[in-house]
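S.K.: 411 is the number that our numbering gives the last residue of the sequence shown; the numbers go up by one with no jumps.
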Amino acid sequence: MDAVATREAEDPTTVDAPTLSGGTSSWLQLHPRLVDLMLVLVIFAYNLPIQFGAVPGHLWLGTGLLVSVGLCAPGLWRRQWPAATYLVIQLVAVTQILLGISLMVADAMLLLAVYTLASRSRWQLSGMAALITATWTVPSCLPILDRGEMSIGDIGVIVALILWSWTWGRLVRTRRRYIASLHERAAQLAREKAVEAELAASSERTRIAREIHDVVSHSLSVVAVLSDGAASTVDTDPERARTAMLTVRDTGRTALADMRRLLGVLRDDEPGSHAPQPGIAQLPRLLEESCAAGVPVQFIETGGPQAVPQSIDLTVYRIVQEALTNVRKHAGLGVSEVRVTLAHTPESITVTVTDDGAGSAAGADPHIGHGLIGMRERVAAHHGQLRAVQRPEGGFEVVATIPTGDEP
């Protein structure tokens with residue numbers, strides 16, 4: 004009997020699932036204890052005038068009242084202990100028949116107990132209970148049939164009601180589990196959406212940090228070189244110093260505009276947050292800044308300008324920008340020429356930046372390492388390849404090949 008007395012809490016599907024309907028149905032589900040109390044009181048009150056006539060003459064009249072209480076009272080705990088409630092009501096009903104007490108309205112509580120057990124327990128347990136009740140009903144009603152208080156058709160109706168109660172309970176249980184699965188699925192989708200949003204935010208933060216690194220590193224290196232040059236020539240060549248400071252001003256303004264654009268993605272209402280991003284078309288201005296900073300640059304473009312996706316356009320610009328920044332910062336004073344080559348093919352675009360300075364291995368300097376990591380991430384995002392090595396004849400070389408044929 005331990006399995007029969009198991010509480011519904013051991014079966015997760017016995018917990019009422021949130022309803023999708025409103026109105027009266029919602030109120031009933033929000034007040035289950037009150038509903039059970041009202042149901043028990045109504046059945047017990049309706050049964051009061053009947054119970055005295057159902058008790059045989061040789062029994063104390065109070066026996067009918069005790070049987071009525073035994074049939075109705077357990078219904079108050081049918082949701083918490085459906086198996087125990089069924090067992091108690093079934094035993095009271097058996098005792099009622101053995102005492103010769105006729106059927107009463109309170110016997111309908113047995114149908115409610117079967118329904119509750121079917122809706123809140125596994126089908127093996129509830130099915131066995133329904134089968135026992137239906138099987139027991141036939142022989143238990145025979146004495147009542149002999150007294151002429153019911154017909155064979157009435158017995159068939161009672162058995163049908165028992166089976167219907169079990170079937171309806173199973174349908175309710177199935178619907179409850181289905182609704183619970185919908186809510187679980189919705190919760191799972193919400194969790195997945197939150198994870199995706201977090202990943203997207205993390206990716207966007209990484210992208211913005213990489214862009215800021217490129218902009219700030221390039222601009223500050225230009226400002227530092229030009230400022231040094233202006234300071235050393237302010238007395239001997241004021242015009243040249245003035246030109247250098249004007250270039251510093253323009254570089255600072257460009258850097259500020261780029262910073263506003265990059266940070267503007269964090270605020271949709273930021274004016275200019277969707278300004279055009281730099282690309283291959285802006286390379287000549289970038290190379291002019293490098294030349295103004297004292298690093299002569301030779302630009303070679305082969306294959307003719309070709310239209311490329313905006314993301315690749317930006318990647319090419321940032322690779323050249325970062326490579327020139329590294330030249331100014333790490334190639335040394337011996338650099339005499341920097342060559343930037345842009346080779347277009349129908350399948351890819353290759354960017355090559357070489358210098359003849361002192362050079363530096365990527366792992367030898369943490370600043371170069373960060374710059375190369377950013378370039379590698381950009382190229383890898385387009386399934387391309389990046390090679391950054393020291394040249395045997397001196398200097399450093401950066402080669403990035405980015406496929407363009409499969410880009411959307």
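Virtual Cβ for every residue (Gly too), placed ideally from N, Cα, C.
Note that the structure is predicted; figures quoted are calculated from it, not measured.
(1) In whole angstroms, what is the alpha-carbon distance linking Gln-93 and Val-141?
(2) Considering only the beta carbon of each residue, do Thr-250 and Leu-229 sit closer than 7 Å?
(3) With a Cβ-Cβ cutoff of 7 Å, do His-347 and Gly-306 count as a contact?
(4) Starting from Asp-149 and walking both ways along the beta strand (DSSP E), at which residues does that stretch end?
(5) What's the gap between the Cα of Met-414 and the Cα of Leu-120?
(6) Just how far apart, CA to CA, sit Ser-339 and Phe-302?
(7) Identify, in the order they occur along the chain, each residue of the same chain with its Cβ nearer than 6 Å to the Cβ of Asp-358, setting aside the five sequence neighbours on each side.
(8) With DSSP as the reference, please indicate the residues paired to Ile-303 in a beta bridge.
(9) For a test of the three-state rule: what should DSSP assign to Ala-227, helix, strand or coil?
(10) If we require 4 or more residues per run, which alpha helix (DSSP H) segments fall completely within the segment 45-108?
(11) Would a C-beta distance cut-off of 7 Å place Pro-35 and Arg-81 closer than the cut-off?
(12) In angstroms with no decimal places, state the Cα-to-Cα distance between Thr-254 and Asp-316.
(13) Less than 6 Å separating the Cβ of Arg-321 from some heavy atom of the ligand GTP?
(14) Quick one: what's got a C-beta closer than 6 Å to Lys-332's C-beta in the same chain, skipping five residues either side?
(15) Would you report the Cα separation of Ile-352 and Ile-405, rounded to the nearest angstrom?
(16) Taking the alpha carbon of Arg-256 as the reference point, which residue from Gly-232, Ala-234, Ser-222 has its own alpha carbon closest?
(17) Alpha carbon to alpha carbon, how far is Trp-30 from Val-38?
(18) Closest to Gly-73 by CA distance: which of Leu-62, Tyr-89, Trp-63 is it?
(19) Output needed for Thr-355: all residues of its chain with C-beta closer than 6 Å, excluding positions within five of it in sequence on either side, in chain order.
(20) Would you report the Cα separation of Ile-113 and Arg-150, rounded to the nearest angstrom?
(21) The beta strand (DSSP E) that contains Glu-396, what's its start and end?
(22) Leaving aside the five residues before and after Val-58 along the sequence, list all residues of the same chain whose C-beta is less than 7 Å from its C-beta, in chain order.
(23) What did DSSP end up calling Pro-406 once you bin it into helix, strand or coil?
(24) Buried or exposed: which applies to Gly-156, given that a residue is buried once 16 or more other Cβ atoms fall within 10 Å of its Cβ?
(25) Any idea which residues DSSP pairs Gln-388 with across the strands?
(26) How many angstroms separate the CA atom of Ile-147 from the CA atom of Ser-184?
(27) Tell me which residue opens and which closes the beta strand (DSSP E) that Ile-352 is part of.
(28) Just the C-alpha distance for His-370 and Glu-195, rounded to the nearest angstrom, thanks.
(29) Counting C-beta neighbours from all protein chains within 10 Å, is the total for Ala-391 16 or more, i.e. buried, or is it exposed?
(30) What is the rounded straight-line gap between the Cα of Leu-134 and the Cα of Gly-78?
(31) Pop quiz: Ile-165 and Val-117 are said to be a contact at Cβ under 8 Å. What is the actual Cβ separation, rounded to whole angstroms?
(32) Buried or exposed: which applies to Val-160, given that a residue is buried once 16 or more other Cβ atoms fall within 10 Å of its Cβ?
(33) What are the boundary residues of the alpha helix (DSSP H) that Thr-318 is part of?
(34) I'd like to know whether the C-beta atoms of Ile-100 and Ser-143 end up nearer to each other than 7 Å.
M.R.: Reading it off the structure:
(1) By 1-based counting over the sequence shown, the position of residue 93 is 90. By 1-based counting over the sequence shown, the position of residue 141 is 138. Between Gln-93 and Val-141, the C-alpha separation is close to 14 Å.
(2) Sequence index remark: in the sequence shown, residue 250 carries index 247 (1-based). Sequence index remark: in the sequence shown, residue 229 carries index 226 (1-based). With a cutoff of 7 Å on beta-carbon distance, Thr-250 and Leu-229 are scored as near each other.
(3) Position 344 of the sequence shown, counted from the start, is the residue given in the question as residue 347. Position 303 of the sequence shown, counted from the start, is the residue given in the question as residue 306. In contact: His-347 and Gly-306 (Cβ atoms closer than 7 Å).
(4) The sequence position of residue 149 within the sequence shown is 146, counting from 1. Looking at the DSSP string, Asp-149 is not in any beta strand (DSSP E); the run it does join, the alpha helix (DSSP H), is 126-149.
(5) Given that the chain is displayed from residue 4 to residue 411, the structure contains no residue 414 and the question cannot be resolved.
(6) The count along the sequence shown starts at 1 and reaches residue 339 at position 336. The count along the sequence shown starts at 1 and reaches residue 302 at position 299. Rounded to the nearest angstrom, the two C-alpha atoms are 14 Å apart.
(7) Along the sequence shown, read from residue 1 onward, the residue named residue 358 stands at position 355. Excluding residues within five positions, the ones whose Cβ falls inside 6 Å are Val-330, Ala-334, Val-338, Val-341, Gly-398, Phe-399.
(8) As a first step, residue 303 is located in the sequence shown; it is residue number 300 there, counting from the start. Looking at the DSSP assignment, Ile-303 forms a beta bridge with Thr-344.
(9) The sequence position of residue 227 within the sequence shown is 224, counting from 1. It is helical.
(10) Counting whole runs of 4 or more residues, the segment 45-108 contains the alpha helix (DSSP H) stretches 65-75, 85-101.
(11) For this step, residue 35 is matched to residue 32 along the sequence shown. For this step, residue 81 is matched to residue 78 along the sequence shown. Going by C-beta atoms, Pro-35 is not nearer than 7 Å to Arg-81.
(12) The residue you call residue 254 lines up with position 251 of the sequence shown. The residue you call residue 316 lines up with position 313 of the sequence shown. Thr-254 and Asp-316 have their alpha carbons spaced roughly 21 Å apart.
(13) Absence of the ligand GTP is noted for the structure shown, with no ligands found whatsoever.
(14) Start at 1 with the first residue of the sequence shown, and residue 332 comes out as number 329. Result list for Lys-332: Ser-224, in chain order.
(15) Taking the first residue of the sequence shown as 1, we reach residue 352 at position 349. Taking the first residue of the sequence shown as 1, we reach residue 405 at position 402. Computed Cα separation, rounded: 5 Å.
(16) On the sequence shown, position 253 is the one that residue 256 refers to. Looking at the Cα atoms, Ser-222 is the closest of the given residues.
(17) Indexing the sequence shown from 1 puts residue 30 at position 27. Indexing the sequence shown from 1 puts residue 38 at position 35. Rounded to whole angstroms, Trp-30 to Val-38 spans 10 Å at the Cα level.
(18) Taking the sequence shown and counting its residues from 1, one reaches residue 73 at position 70. Of the candidates Leu-62, Tyr-89, Trp-63, the one whose C-alpha sits nearest the C-alpha of Gly-73 is Tyr-89.
(19) The residue labelled residue 355 in the question sits at position 352 within the sequence shown. Cβ neighbours of Thr-355 beyond the five flanking positions: Thr-344, Val-402.
(20) Locating residue 113 in the sequence shown gives position 110, where the first residue counts as 1. Locating residue 150 in the sequence shown gives position 147, where the first residue counts as 1. With the sequence shown as reference, residue 113 is identified as Leu, and Ile is not the correct amino acid for it. When rounded, the separation of the alpha-carbon atoms in Leu-113 and Arg-150 is 23 Å.
(21) In the sequence shown, counting from the first residue as 1, residue 396 sits at position 393. Per DSSP, Glu-396 belongs to no beta strand (DSSP E) and is neither H nor E.
(22) As a working mapping, residue 58 is identified with position 55 in the sequence shown. Same-chain partners within the cutoff: Leu-64, Thr-66, Gly-67, Ile-104.
(23) On the sequence shown, position 403 is the one that residue 406 refers to. Collapsing the DSSP output to three states places Pro-406 in a strand.
(24) The sequence position of residue 156 within the sequence shown is 153, counting from 1. Counting Cβ neighbours within 10 Å, Gly-156 comes out exposed, since fewer than 16 surround it.
(25) As a working note, residue 388 is residue 385 in the sequence shown. In the DSSP assignment, Gln-388 is bridged to Thr-404.
(26) In the sequence shown, counting from the first residue as 1, residue 147 sits at position 144. In the sequence shown, counting from the first residue as 1, residue 184 sits at position 181. Each residue's alpha carbon lies about 47 Å from the other.
(27) Walking along the sequence shown from the start, residue 352 turns up at place 349. First-last of the beta strand (DSSP E) with Ile-352: 351-358.
(28) Here residue 370 refers to the residue found at position 367 when the sequence shown is read from its first residue. Here residue 195 refers to the residue found at position 192 when the sequence shown is read from its first residue. Since pLDDT at His-370 reaches only 42, below the 50 mark, its modelled position is unreliable, and the value read off the structure follows with that caveat. Computed Cα separation, rounded: 37 Å.
(29) In the sequence shown, residue 391 corresponds to position 388, counting from 1. Counting the other Cβ atoms within 10 Å of the Cβ of Ala-391 gives 16 or more, which makes it buried.
(30) Position 131 of the sequence shown, counted from the first residue, corresponds to residue 134. Position 75 of the sequence shown, counted from the first residue, corresponds to residue 78. As the crow flies, the alpha-carbon of Leu-134 is around 20 Å from that of Gly-78.
(31) Here residue 165 refers to the residue found at position 162 when the sequence shown is read from its first residue. Here residue 117 refers to the residue found at position 114 when the sequence shown is read from its first residue. Between Val-117 and Ile-165 the Cβ distance is about 6 Å, and since that is below 8 Å, they are a contact.
(32) Within the sequence shown, numbered from 1, the residue matching residue 160 stands at position 157. For Val-160, the number of other beta carbons within 10 angstroms of its own is below 16, and it is reported as exposed.
(33) Residue numbering aside, residue 318 sits at position 315 when the sequence shown is read from its first letter. Element bounds for Thr-318: 313-333.
(34) Here residue 100 refers to the residue found at position 97 of the sequence shown. Here residue 143 refers to the residue found at position 140 of the sequence shown. In this structure, Ile-100 sits near Ser-143, with a CB-CB distance shorter than 7 Å.
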